[in-house]
Amino acid sequence: MIRIFTISLLSALLLSAGVPVAARGDRDQNNLRDAAAQGQVIPLNRLVAEVRSRAPYNEMTYLGGPQFDAQRMIYALKFMDGSQVVVVYVDARSGRIVGRKP
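In terms of mature numbering (1 follows the signal peptide of the UniProt record, and there is no 0), the sequence shown is residues -22 to -1, 1 to 80.
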């Protein structure tokens, strides 16, 4: 009985901990959409197309699933280079590549 209660309590805590993160993600997405509509940031599809047109990324496969850092206004775009995943960091306002891993 105690084991079931403990598991239920832990599950509830884990589920409730995820709610603020999901809400923040929705808010970031809405802010990003508004900023794109006002011309403050470059739309994601244009950013991806611009990066894909540049060497060496034009020879890599774009994996999708971009991540966005709303505080820094930077997208993390994932590409596949052979058997290695390459993450390219792009400024959402200028389209400039600001970093890469690896």
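Note that beta-carbon positions come from the ideal geometry of N, C-alpha and C, so glycine has one too.
| Item | Value |
| --- | --- |
| Return helix, strand or coil for VAL(-2), following the three-state DSSP convention. | Any reading at VAL(-2) must be qualified, since the residue scores a pLDDT of 45, below 50, and its modelled position is unreliable; the value itself is stated next. Three-state DSSP puts VAL(-2) in a helix. |
| Over what stretch of residues does the beta strand (DSSP E) that includes VAL26 continue unbroken? | From DSSP, VAL26 is part of no beta strand (DSSP E) but of the alpha helix (DSSP H) over 22 to 30. |
| Give me the DSSP bridge partner(s) of GLN7. | For GLN7, which the question treats as bridged, DSSP gives no partner whatsoever. |
| Buried or exposed: where does VAL29 fall if 16 or more other Cβ atoms within 10 Å of its Cβ makes it buried? | buried |
| Is the stretch 3 to 11 touching the stretch 57 to 65, taking contact as three or more C-beta pairs under 8 Å? | no |
| Between ARG74 and ASP4, what straight-line distance do the alpha-carbon atoms span, to the nearest angstrom? | 25 Å |
| Between VAL(-2) and the rest of its own chain, which residues show a CB-CB distance below 8 Å, the 5 nearest in sequence each way excluded? | Low confidence applies to VAL(-2): its pLDDT is 45, below 50, so where it sits in the model is not reliable enough to give any reading. |
| Can the beta-carbon of ALA54 be found closer than 7 Å to that of TYR35? | no |
| Please classify LEU41: is it buried, with 16 or more other beta-carbons within 10 angstroms of its beta-carbon, or exposed? | exposed |
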